[in-house]
Amino acid sequence: MAEDGTIYYTNGLPVPDTPAPGEEPEFWKETDVVGKRTPRVDAYERVSGTAVYPSDIKLPNMIYGAILRCPHAHAKVKKVDAGRAEKMPGVRALITGDSPEAGGLKWKYRGYSGPLFDAHCRFEGEVVAAVAADTPYQAWDAVHAIDVEYDVLPHVVDHNLALTGKAPEVHDQGNLAGTDEYERGDVAGGFAEADVVLEQNYETGCQLHTPMELHGCVADWEGDRLTIWESSQGVYAVQSVLSGILGMPLSKVRVIGHYMGGGFGSKLWPGKYTVLAALMAKQAARPVKMILTREETFLCVGNRPPNTMRLKAGVKKDGTLTAFDFECIGPSGAYPGGGTEIVDWLVRDLYQCDNVRCLSRDVYIHAGTARPFRAPGHPQGSWALEQMMDDLAEKIGMDPIELRLKNIPSISQGRGIPYTRTGLKDCIERGAERFGWKDAVKRAREQNRSGSHIKRGVGMGACLWIVGGGGPPSTVVIKLFRDGSVNLNMGASDIGTGTKTIMAMVAAEELGVKPDVIQIEHADTGTTQYATPSGGSKTVPTEAPAVRNAAIDVKRQIIQMAAEDLGAPAVDLDYEGSEIVSMKDKSKRIQVTDVSGLKKRGVVIGVGYRGPNPKNKSVNPFAAQFCELEVNTKTGEMKILRFLGAHDSGRVMNRLTYDNQVFGGIVMGIGFGMTEFRQLDANQTGKLCNRNWHDYKLPTALDVPVDMESLPIEIDDPEANNTGAKGLGEPVTIPTASAIANALYMATGIRFTKAPVHPMEMRRRLSAGKEG
Amino acid sequence: MRTIGAGAVSASLTGAAMVAESKPGPPEKILDATDTVKLKLNINGVNYAVLVEPRWTLLFVLREAIGLTGTKEGCGRGECGACTVLIDDIPRYACMTLAVEAEGRRITTIEGLMTGEELGPVQKAFLEEDAFQCGYCTPGQVMAVEGLLRKTPEPSMDEIRTGVSGNLCRCGAYHHIFRAARKAAIRKTR
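Chains A and B are the protein sequences, given in the same order. Remember, my numbering sits 5 above the position in the first sequence when you count from 1. Remember, my numbering sits 593 above the position in the second sequence when you count from 1.
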């Protein structure tokens with residue numbers, strides 16, 4: 006959890022401290038730049054095609070890598086014969102478990118450590134061999150020419166069967182990867198007090214990240230120094246893992262990740278492919294470009310695990326929640342990956358309830374290992390909790406919004422400490438008002454009474470996100486040049502959320518310059534400062550306060566220099582825009598670029614650190630989402646008519662990119678709720694059936710409503726950090742699917758407890774009748 | 594090769610191309626997969642002479658042989674549209690088009706929408722409306738919109754949605770993409 010530093014995005018990484026920042030600046034009352042709709046500072050590069058992503062890197066003499074992967078869910082490699090492949094045209098490097106280069110190398114992930122080439126393949130997609138050749142075509146020709154003998158073994162890929170005792174064991178110690186138990190209050194007593202007790206089973210499908218840019222890297226050696234261009238959410242994570250595996254000093258492993266084409270949690274960590282690229286680059290003495298195929302990204306670079314959940318809940322007639330009893334099982338995959346990680350957090354923390362019990366069991370199966378996926382656990386838990394809330398409301402004859410508003414907690418019950426601020430009530434109330442909840446419900450009911458086969462529903466879901474407050478470490482360096490232009494240096498990756506732009510806006514706000522004079526250097530372990538990977542919706546609340554402190558450090562130095570020019574004591578001087586002015590005598594003023602100290606030195610360097618979070622308080626973003634949809638009960642087709650996201654993520658830093666995040670999170674939630682699921686051939690082969698975007702459906706432009714609205718619930722949160730910004734990227738996708746499910750219930754009278762609800766599932770349930 | 598050629602052309606149509614008409618291509622030559630052939634490609638108004646294996650896709654030649662890396666690879670099999678380019682003004686998936694099929698055609702990539710260092714109108718609209726997040730599908734989205742507007746200068750919202758429906762955006766920036774497409778259409782016709 007967040008308190009002990011092992012939250013998922015840094016799990017397994019050593020995280021250094023940063024020095025205390027000293028006195029924190031005052032909270033901004035008004036802002037000139039921050040919050041405004043500002044196009045991205047790197048928009049030109051991204052829309053012109055000049056942005057160089059890791060997959061765009063082309064180095065002199067570069068060759069291309071390809072990986073042979075185990076085609077079985079569970080098998081032992083008996084023999085690898087690469088004799089034919091080695092002699093094929095263009096082949097420059099080849100590595101298998103028998104190669105001396107691979108000897109003794111260990112792969113590490115989240116506490117697990119095992120051989121880089123493991124002859125015991127526990128999932129379809131495990132690495133068996135790798136080739137590098139002059140062209141990717143030749144590399145694949147060679148991969149196909151490697152002969153492997155496998156001993157195919159029995160598999161288990163259904164997490165519900167993993168602990169039955171009848172399934173084959175994935176690891177010697179059994180299939181239980183971990184258990185998480187939680188209890189507060191008196192659950193049995195709580196149920197005894199309730200007027201209504203409901204119990205329901207829920208299931209969510211396995212969602213695959215599939216970011217647009219394929220996972221991969223380019224590896225290049227210069228003597229004993231290794232440079233890696235990795236499509237990554239955190240260059241320092243890649244550096245740390247690579248230097249550990251290869252036994253190299255950190256200073257000799259440089260990782261660069263200026264641009265990256267999406268990760269959603271699957272690129273918080275490098276892959277075995279990164280190590281293989283480095284090893285083959287060494288073998289061939291040539292740079293190796295190793296970009297996975299799309300199919301590989303479906304198999305072996307993470308997933309949001311499927312979860313089977315049971316929720317029992319008690320409520321009094323007046324809407325008081327008396328008890329929750331939650332149980333969940335989910336698969337880590339072949340290795341520890343967090344199969345049930347924080348699935349129960351919303352049950353623990355979102356609504357006021359004194360008596361709560363949660364039991365989660367994480368299991369191993371013969372399938373690709375899970376990785377954190379945008380708000381790990383939360384959309385799954387929300388799927389259960391928010392549908393249950395609606396069912397409880399119906400049973401006691403209360404509006405679902407009213408029931409939620411009745412149960413707004415005053416503290417974080419899961420942690421037993423207060424929130425710095427909670428916008429939960431405002432998100433629900435103001436969101437419902439803006440959405441026109443009451444009218445929409447009326448309209449839907451009228452249409453459904455009319456006898457039309459097109460049924461209408463509205464639904465909502467609320468949420469919070471377990472973290473999202475950010476925190477140390479972060480170090481940012483700002484250089485102010487003599488012409489007033491600025492260089493901002495930070496280690497964090499911009500994974501598409503607009504981090505660079507927001508940091509430029511923060512610096513511009515403080516330094517009185519326009520964001521476009523700021524040049525950003527980031528995500529390069531050779532030239533920028535340490536940063537934890539961009540995950541957990543923590544990048545803005547982590548980095549922005551450090552940027553602000555760095556800018557203030559620059560200002561402090563400039564004011565000292567200006568004091569000499571103005572013949573006034575520094576304590577009387579302050580910034581006004583890009584001028585330094587005496588507060589005692591406003592006629593004493595000087596443009597920053599005229600300050601002689603700056604002119605002489607040419608540059609002033611400021612350093613800022615991220616201060617600590619408030620003690621014994623929890624910093625969380627909150628949200629409520631609302632949707633209206635239609636169901637064609639003849640065809641099973643569903644059409645989402647509109648969506649509204651009301652989000653409290655503290656201060657809105659850039660309204661333009663903020664709205665984009667909200668809409669994007671909703672789109673991904675539509676995928677989770679309606680189109681996306683991994684289909685494994687559980688009975689026969691254990692293999693993945695839908696390993697491409699034809700068979701695994703992402704929402705397209707035709708699957709999302711044109712009518713989408715973002716309603717920021719901007720609540721000042723000066724305790725959170727010196728900018729008041731909280732995380733946004735993950736809460737935006739948490740309650741989407743549950744809002745859809747609740748709307749489907751209103752439209753059809755059917756509870757869809759199994760996600761996703763695609764037209765075939767809809768048709769099946771409509772045909773089966775309402776008991777199905 | 595004859596059947597591959599015909600199949601690839603029909604499968605390489607993007608959403609926007611489905612709105613537009615498909616013209617029959619030039620007659621196909623039968624080539625040996627292991628040979629390299631000399632090819633002249635007209636890309637963004639410039640003639641390139643390249644030596645290619647017949648199995649190389651237009652995408653591979655653009656990115657790795659010529660170095661025009663604005664066109665992206667997302668799937669390599671005609672599912673995502675990240676590699677969308679215009680061939681004779683019609684949006685097509687460059688991953689499903691063999692380089693040898695593109696000879697004698699007018700190929701336009703994202704780089705070809707620029708005037709020197711200046712962004713084209715569709716690119717400018719994408720910038721202003723923040724019609725992307727990670728930016729990786731963006732060149733393909735821009736080309737899909739460009740192709741749509743060349744065929745349908747004043748598209749309806751439904752035509753815009755269909756026009757970019759062959760282009761996946763995992764970040765889900767569709768809403769802003771619609772806005773950018775509309776803005777670009779207004780600018781271009783004015």
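Note that beta-carbon positions come from the ideal geometry of N, C-alpha and C, so glycine has one too.
Chain A contact residues for residue i, given Cβ-Cβ distances below 7 angstroms
i: B/L720; result: P44, A48, Y49, V52
i: B/Y767; result: V672, A706, V709
i: B/A777; result: Chain A residues near B/A777: none, gap ~11 angstroms exceeds 7 angstroms.
i: B/A675; result: M217
Assigned exposure category for residue i - 16 Cβ within 10 Å defines buried
i: A/G540; result: buried
i: A/C694; result: exposed
i: B/T596; result: Residue confidence for B/T596 is low, a pLDDT of 36 falling below 50, so the modelled location carries little weight; the figure read from the coordinates is stated next. With fewer than 16 Cβ atoms within 10 Å of its Cβ, B/T596 is classed as exposed.
i: A/L181; result: exposed
i: A/I739; result: buried
i: A/R461; result: buried
i: A/A573; result: buried
i: A/M588; result: exposed
i: B/E672; result: buried
i: A/S245; result: buried
i: B/V639; result: exposed
i: A/I675; result: buried
Identity of the residues DSSP links to residue i by a beta bridge
i: A/S104; result: Answer is none; A/S104 lacks a bridge partner.
i: A/K484; result: A/N492, A/I610
i: A/Q630; result: A/G466, A/G650
i: A/Q418; result: Answer by DSSP bridge pairing: none, since A/Q418 is not bridged.
i: A/D529; result: A/I261
i: A/L295; result: With the sequence shown as reference, residue 295 of chain A is identified as Met, and Leu is not the correct amino acid for it. In the DSSP output, where bridge partners are listed per residue, A/M295 has A/C222.
i: A/R594; result: A/V586
Cross-chain neighbours of residue i in chain B, by beta carbon under 7 angstroms
i: A/I500; result: C727
i: A/H699; result: E672
Beta-carbon neighbours of residue i, restricted to chain A and to distances below 8 angstroms
i: B/G660; result: K63
i: B/C668; result: R299, N697, W698
i: B/G663; result: S53, G54, T55
i: B/M689; result: Result: empty, since nearest Cβ-Cβ is about 12 angstroms, beyond 8 angstroms.
9 angstroms Cβ cut-off: residues of chain A touching residue i
i: B/V643; result: Per Cβ cutoff of 9 angstroms: no residues; B/V643 is ~13 angstroms from chain A at best.
Endpoints, alpha helix (DSSP H) assigned at residue i
i: A/H79; result: Where A/H79 is concerned, there is no enclosing alpha helix (DSSP H), given that its DSSP letter is neither H nor E.
i: A/V709; result: It is not in any alpha helix (DSSP H) - A/V709 carries neither H nor E in the DSSP assignment.
i: A/D444; result: 442-454
i: A/L661; result: 660-675
i: A/K317; result: No alpha helix (DSSP H) contains A/K317, which is instead part of the beta strand (DSSP E) from 312-320.
i: A/S365; result: Premise fails: A/S365 lies in the beta strand (DSSP E), 361-369, not in any alpha helix (DSSP H).
i: B/E694; result: That residue, B/E694, is in no alpha helix (DSSP H); it is neither H nor E in DSSP.
i: A/N747; result: 741-753
Residue range of the unbroken beta strand (DSSP E) whose run includes residue i
i: A/K460; result: 459-469
i: A/F331; result: 326-338
i: A/P384; result: That residue, A/P384, is in no beta strand (DSSP E); its alpha helix (DSSP H) goes 383-400.
i: A/G195; result: Here A/G195 belongs to no beta strand (DSSP E); instead the alpha helix (DSSP H) covers 192-198.
i: A/N206; result: 201-209
i: B/L632; result: 630-636
Any C-beta of chain D under 8 angstroms from that of residue i
i: B/L634; result: Protein chains A and B are contained in the structure displayed, whereas chain D is not.
Closer than 8 angstroms at the beta carbon, the chain B residues around residue i
i: A/S583; result: Within 8 angstroms Cβ-Cβ: nothing; A/S583 doesn't reach chain B, min ~26 angstroms.
Listed by chain order, chain B residues near residue i by CB distance under 9 angstroms
i: A/M658; result: What A/M658 touches in chain B: nothing, since even the nearest Cβ is about 13 angstroms away.
i: A/T662; result: D723, Q726
For this session: Examine the Cβ distances between the stretch 704-720 of chain A and the stretch 660-675 of chain A and report whether three or more of them are shorter than 8 angstroms.
Result: The stretch 704-720 of chain A is in contact with the stretch 660-675 of chain A.
Exercise. Given 8 angstroms as the limit, is there contact between the stretch 514-525 of chain A and the stretch 730-737 of chain A, that is, 3 or more CB pairs closer than that?
Worked result: Touching, no.
For this session: Examine the Cβ distances between the stretch 243-255 of chain A and the stretch 476-489 of chain A and report whether three or more of them are shorter than 8 angstroms.
Result: Pairwise C-beta distances place the stretch 243-255 of chain A out of contact with the stretch 476-489 of chain A, as fewer than three of them are shorter than 8 angstroms.
For this session: Spell out a yes or no on whether the stretch 386-397 of chain A and the stretch 347-357 of chain A are touching, meaning 3 or more CB-CB pairs, one atom from each, closer than 8 angstroms.
Result: They touch, by the three-pair rule.
Exercise. Are the stretch 48-58 of chain A and the stretch 699-709 of chain B touching, with three or more C-beta to C-beta distances below 8 angstroms?
Worked result: Yes: the two stretches touch, three or more of their Cβ pairs being nearer than 8 angstroms.
Exercise. Can you find at least 3 beta carbon pairs, one from the stretch 494-509 of chain A and one from the stretch 472-482 of chain A, that sit closer than 8 angstroms?
Worked result: The stretch 494-509 of chain A vs the stretch 472-482 of chain A: in contact.
Exercise. Is the stretch 366-380 of chain A in contact with the stretch 305-321 of chain A, if contact means three or more CB pairs nearer than 8 angstroms?
Worked result: Yes, the stretch 366-380 of chain A is in contact with the stretch 305-321 of chain A.
Exercise. Counting pairs of beta carbons, one from the stretch 399-417 of chain A and one from the stretch 364-372 of chain A, are three or more of them closer than 8 angstroms?
Worked result: Segments in contact, no.
Exercise. Any contact of the stretch 738-746 of chain B with the stretch 771-782 of chain B, i.e. 3+ C-beta pairs under 8 angstroms?
Worked result: With contact defined as three or more Cβ pairs closer than 8 angstroms, the stretch 738-746 of chain B and the stretch 771-782 of chain B are in contact.
For this session: Count the C-beta pairs between the stretch 67-78 of chain A and the stretch 134-152 of chain A that are closer than 8 angstroms, then say yes if the count reaches three, no if not.
Result: The stretch 67-78 of chain A makes contact with the stretch 134-152 of chain A: 3 or more CB pairs, one atom from each, lie closer than 8 angstroms.
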